[in-house]
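Colleague: Okay, so the sequence shown: first residue is 1341 according to this note's numbering, each after it adds one.
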Amino acid sequence: MRHQLALPLVLLSVLTSVGVARAQQAFAWAAESPDADAPSVTLDGTHARRVVDGVVIGSKNHDASLAAACGTLGQSFFTTGVAPEGDTPTAMAFTPDATRIVVAHRTSQNVLVFDAATRVLVKTIALSGSPNDIAIAADGVHAVTANLWEDTASILDLSSGVELAVVPVGDQPMFARFTPSGAKAVIGNAAAQSVSVIDVASATELFRIPGAGFQSLTSISFEPGVLTSTINGFVVPSETLAIHPDNLANQIDYFDLVAGTVTSVACDLAPRGIAMTPNGTKAVVSHFSAVRKVSVIDVATQTITNVFTSPVDLDEPIAIKSDGTKAAVAVLNATRIVDLSTGVFSGAISTNSVNGFLPTPDGLYLLAVGYKGTLISWASQSAVKDLNNIVNTYAGAVAPSGQRAAMVASHNGENMLVFNTNGAAGFLEANVPSGAPPEADATRDVEVSADGSIAVTTNLLSDTTTVLDASTGAVLAIVDVGDRPADVAITPDGSKAVVANLDSTFASVIDLSTFAVTPIAISTRASEVEISPNGQYAYLAVVSSGDGVWRIDLNTLSVAGPKLSTGDMGSTGYMFNQTSGMTLSHDGLTLAVCGSFTNVVTLIDTTTWSVVANVPVTSFPAEAVFQADDARLFVSLKNTNKVVAIVNAGAGSAVTASYNVGNAPGELVVDAAATKLWVCNFNDQKVGGIDLASGVMTQNLAVSDYPQALAITPSGSCVYAASGNWTVSLGPGPKLAFGKSGFVSVIDTATGAIAQVLNTTTPPAAMSFDTSAQVGFVAAPLGDGVTRLELTTPVTSYCTSKTNSQGCTPPIAWTGTPSASAGSGFVVTATLVRANVNGLFFYSTVGPNGVPFQGGHLCVKAPLERTTVINSGGSGTCGGTFNYDFNAFIAGGSDPALVQGANFWGQYWSRDPASPSTTNLTNALSATVGP
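(1) In or out: Ser1559 buried (at least 16 other Cβ within 10 Å) or exposed?
(2) Let's test the definition: count the other Cβ atoms within 10 Å of the Cβ of Ala1765 and tell me whether it reaches 16, buried, or not, exposed.
(3) Between the alpha carbons of Ser1584 and Ser1848, how many angstroms are there, rounded?
(4) By DSSP, does Phe2229 sit in helix, in strand, or in coil?
(5) Please report how far the alpha carbon of Ile2210 lies from the alpha carbon of Ser1793, in whole angstroms.
(6) Taking only three categories from DSSP, how would you classify Ala1900?
(7) Can you name, in chain order, every residue of its own chain whose Cβ lies under 7 angstroms from the Cβ of Leu2131, other than the five neighbours on each side?
(8) Can you have a look at Ser1405 and say buried or exposed, based on whether 16 or more other CB atoms are within 10 angstroms of its CB?
(9) From which residue to which residue does the beta strand (DSSP E) around Leu1567 run?
(10) If you compare alpha carbons, which of Val1576, Pro1471, Asn1917 is closest to Ala1525?
(11) Report yes if the CB atom of Leu1880 is closer than 9 angstroms to the CB atom of Ile1892, and no otherwise.
(12) So is Ala2077 buried or exposed if we call it buried at 16+ other beta carbons inside 10 Å?
(13) Measuring CB to CB, does Phe1759 end up less than 9 angstroms from Ala1745?
(14) Which whole runs of the alpha helix (DSSP H) in the region 1529 to 1570 are 4 residues long or more, in chain order?
(15) Counting Cβ pairs closer than 8 angstroms, one from the region 1506 to 1519 and one from the region 1462 to 1476, do we hit at least three?
(16) Give me, in chain order, the residues of the same chain whose beta-carbon lies closer than 7 angstroms to that of Asp1497; leave out the 5 immediate sequence neighbours on both sides.
(17) Check whether the Cβ of Ala1881 sits closer than 8 angstroms to any heavy atom of the ligand NAP, and report yes or no.
(18) Please report how far the alpha carbon of Ala1423 lies from the alpha carbon of Ser2057, in whole angstroms.
(19) Return the residue from the list Asp1593, Val1995, Asp1608 that minimises the CA-CA distance to Val1602.
(20) Run through DSSP, which three-state label would Gly2082 get?
(21) Sort out for me which residues DSSP pairs Tyr1879 with in a bridge.
(22) For the beta strand (DSSP E) holding Asp2031, just list the boundary residues, first then last.
(23) Can you list, in chain order, the residues of its chain with a C-beta nearer than 8 angstroms to that of Lys1725? Leave out the 5 residues immediately preceding and following it.
(24) Can you name, in chain order, every residue of its own chain whose Cβ lies under 6 angstroms from the Cβ of Gly2028, other than the five neighbours on each side?
(25) Using alpha carbons as the reference points, say which of Thr2140, Ser2108, Ile1527, Thr2143 lies closest to Leu2129.
(26) Out of Thr2053, Tyr1734, Leu1597, point me to the one whose CA is closest to Asn2243's CA.
(27) Go ahead and pull the three-state DSSP assignment for Phe2022.
(28) Roughly how many angstroms separate the alpha carbons of Trp2154 and Asp1791, rounded to a whole number?
(29) Buried or exposed for Arg1446, please, with buried defined as at least 16 other CB atoms from any protein chain shown within 10 angstroms of its CB.
(30) Which residue from Asn1979, Ala1968, Asp2031, Asp2252 puts its Cα closest to that of Ala2013?
(31) Can you give me the start and stop residues for the beta strand (DSSP E) that Ile1862 sits inside?
(32) Go ahead and pull the three-state DSSP assignment for Pro1961.
(33) Since Leu1801 contacts Glu1769 with CB under 8 angstroms, what's their CB separation in whole angstroms?
(34) Is the beta carbon of Gly1775 less than 9 angstroms from the beta carbon of Gly1426?
(35) When DSSP labels each residue in this structure, what does Leu1801 get in the three-state scheme?
(36) Taking Cβ to Cβ, would you say Lys1622 is nearer than 9 angstroms to Asp1638?
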């Protein structure tokens, strides 16, 4: 179950003048939160504006000639879930007989049909578009969806589970309704400000009526990267009429569904929400914010019969009692009821923010869509019961009969909540995924095992982790963990994974052989995980209710010692709402914690389990990394554009150096020799390289969009930078645009240049490589999966062949690539060898050489390993050839050093009876064993 704060969202109102305004800086920093709340923004689309989590820019140039130095990085994408997915639920409805709940999912482009009583998935209907809204006809068979990005409406057959037809409509349809008989579907086209009228039987658009004044409401959640948008729509009281509160023109629009025309009547300012009695005779309209009005409409005469003034500002949602005697309006974190005969408003009924109202069919109650799910009595004008303490819900529906309602969440989870609405006896019937379980949505973090065999992800919206086969991408398991899982770490032996759950009071320990999960009680808001080198302890940072670090003994699966207090941590911004960094020294003796909000770095002695130093730094320490010998650590200071070096000396730890870097530095890596430090200069869209001897940033390389994560090869020769961006544009009016990008840049550290850029298409949240830096994964929340990166180090030749007694110089050559798993395919050859002589391929995993030997050169460094003796065959002068499949040798397992990521150097030795040394040597090759 998902438990959150009473006010789980940080709601920002971004208001700009007419035109496109960049708000990236506001958004990047708005995500900073000392308690790591899930940040969100809700935008009123009155004016044109642009909201970005980075600004889209073009790819940067790179030098392809450098790729050989770092090898070639390849990519593939693995999804972390299994079909059918249910991604971004946007709308839902009950069938007229109340037996089915139908949920539209925009991102997965499908409609899922559930049994209302059991919540069992009974049908999955694939769509050709991205549904933003859904309506069900009176016959219970037909449904219609408004497909936002495709400018279409889909007509569905719920009985057979098929998309019957796709009808082109106006620009960006966001709203859908049927006429009472179901003969026509009416679609609200947000960007086009028009209404499409569709004949369902023939699946044709009868009219596209201009002149609407739709107002959009767009919500964005930064952590999972979720976007939803809707408009103030209309009601359809009859076969001939739709009524719309025209926010742009301050009028009520009456759309004639037969003639295809519109008639408008002036009203008070800012008409926004609308609701209608079930019999279609009376409607009520809310007038937004400080206008504080509720208008009452007589549908038959199309006139406003009353206007009542509220004592407080109004939000959009409004509802009307089935008998037309009362209306309910949303206000700030509450609801008020107005008597439609006297105009008297009730006091505030505490409901928290309301996203919509669901009047029950018995006329007794009103259910508020939102976090609390407050059930309100029309009669007493008071809250009867709060039914939802799980998640902030976005949309809902009420069964046409009986006592059941349902809601879906999109931003803080993809839950479907089903409620019994029987007054004080009402209760939560079910909390299930909006898609078919198990779900694995919004992949927030990824960790690859040390040997590169598996990868484990956290799936933020689904409260799960996925265990993947790192080679094939096969889903080995999807495991339920805690609420809002953030970070994950794997023990060095690959036996366990530990998950930090931001909204639970426990950590989750997963046995990676059985996939069994053990919850370990700590405290809320666990954000970061580190594991000791021997795999015994896990360290978890918590960023709320007393910031600090817990230690868990992974052998006993219990807390070991008290929580140690640290500086204040929280959300640090960047992409997908990162949290304050925590890092463990390579020897496992020192844990460093970034107290971002109190400007200290806390150092913990893991042996004595005590805080040994709180090192003051300047503004906002975000990330930290130890150098290889653990003598120093480096800390990025986001708000002062610096990196500092701290000597790791227990109580004597202190800042010893400060380096000027770019804007909003984030993640860091340092080479093994501690000569070069690399840093993500996030807001500059660059990666900086600092020469630690001089203290100067000698490189500042432009990458494509915003750099989020770094990795460095063990040799320090290559740095990988994952970057990207996602954007939301709103305006003019309700026009909505969404964009995303993702890249991985390969930096050759010797030349300080970018050697290769991969276009991964989706922005990164995190990146992890195995210890050999041969296989890596990038977490992609917007793709519900991971990009797998594989380094293919090119096979190269070096050294010099010896001229044989027949005057030939046999060269070494090859076909294929070395592989730890292929079993064949990397064939090492030598030509121009004497015919019918014995020889063998020998190699070293230590390094290359080039010393004189038997009249030629020994090109590999001792100790040497040899393969089996083979014969050159052939005839005539220099007519022999050696062919040896080294992948078959690797697969034989005779040399345990030949594993994925291992480097080797090899050459051929052969008999040459006429030579003074009686032997011959080819030149050599250098290669790396791939997956």
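C-beta atoms are modelled at their ideal positions from N, C-alpha and C, and glycine is treated no differently.
Modeller: In brief:
(1) Here Ser1559 is buried, its C-beta having at least 16 other C-beta atoms within 10 Å.
(2) It counts as exposed.
(3) Sequence inspection shows His at residue 1584; the Ser mentioned does not correspond to that position. Cα-Cα distance, rounded: 50 angstroms.
(4) Under the three-state reduction of DSSP, Phe2229 is assigned to helix.
(5) Roughly 34 angstroms separates the two Cα atoms.
(6) Note: Ala1900 maps to coil in three-state DSSP.
(7) Answer for Leu2131: Gly1411, Leu1413, Ala2113, Gln2114, listed in chain order.
(8) Note that Ser1405 scores 33 on pLDDT, short of 50, meaning its location in the model is unreliable and no value can be drawn from it.
(9) Segment 1566 to 1571, the beta strand (DSSP E) holding Leu1567.
(10) Here the closest residue by C-alpha is Val1576.
(11) In this structure, the beta-carbon distance from Leu1880 to Ile1892 falls below 9 angstroms.
(12) When all chains shown are included, Ala2077 counts as exposed.
(13) Contact: yes.
(14) Runs of the alpha helix (DSSP H) inside the region 1529 to 1570: none found.
(15) Three or more Cβ pairs drawn from the region 1506 to 1519 and the region 1462 to 1476 lie within less than 8 angstroms of each other, which places the two stretches in contact.
(16) So the list reads Val1481, His1482, Leu1504, once near-sequence residues are dropped.
(17) With respect to the ligand NAP, the structure shown offers nothing to examine, as it has no ligands at all.
(18) Going by C-alpha positions, Ala1423 is about 41 angstroms away from Ser2057.
(19) The option with the nearest alpha carbon to Val1602 is Asp1593.
(20) Residue state, collapsed to three classes: strand.
(21) Its beta-bridge partners are Glu1870, Arg1891.
(22) Element bounds for Asp2031: 2026 to 2031.
(23) So the qualifying residues of the chain are Thr1714, Leu1715, Gly1763, Ala1764, Gly1766.
(24) Only residues of its own chain outside the window of five on either side were considered, and among them Val2001, Gly2002, Val2019, Asn2021, Met2037, Asn2040 have a CB closer than 6 angstroms to the CB of Gly2028, listed in chain order.
(25) Nearest in C-alpha terms to Leu2129, of all of Thr2140, Ser2108, Ile1527, Thr2143, is Ser2108.
(26) Here the closest residue by C-alpha is Thr2053.
(27) It is helical.
(28) So the two alpha carbons sit approximately 27 angstroms from each other.
(29) With at least 16 other beta carbons inside 10 angstroms of its own, Arg1446 counts as buried.
(30) Of the candidates Asn1979, Ala1968, Asp2031, Asp2252, the residue whose Cα lies closest to the Cα of Ala2013 is Ala1968.
(31) Annotation: Ile1862 is outside any beta strand (DSSP E) and is labelled neither H nor E by DSSP.
(32) In the structure shown, Pro1961 sits in a strand (DSSP, three-state: E or B).
(33) Not quite, the Cβ-Cβ distance comes to about 21 angstroms (not below 8 angstroms), so this is no contact.
(34) Using a Cβ distance threshold of 9 angstroms, Gly1775 and Gly1426 count as a contacting pair.
(35) Coil.
(36) Using a Cβ distance threshold of 9 angstroms, Lys1622 and Asp1638 count as a contacting pair.
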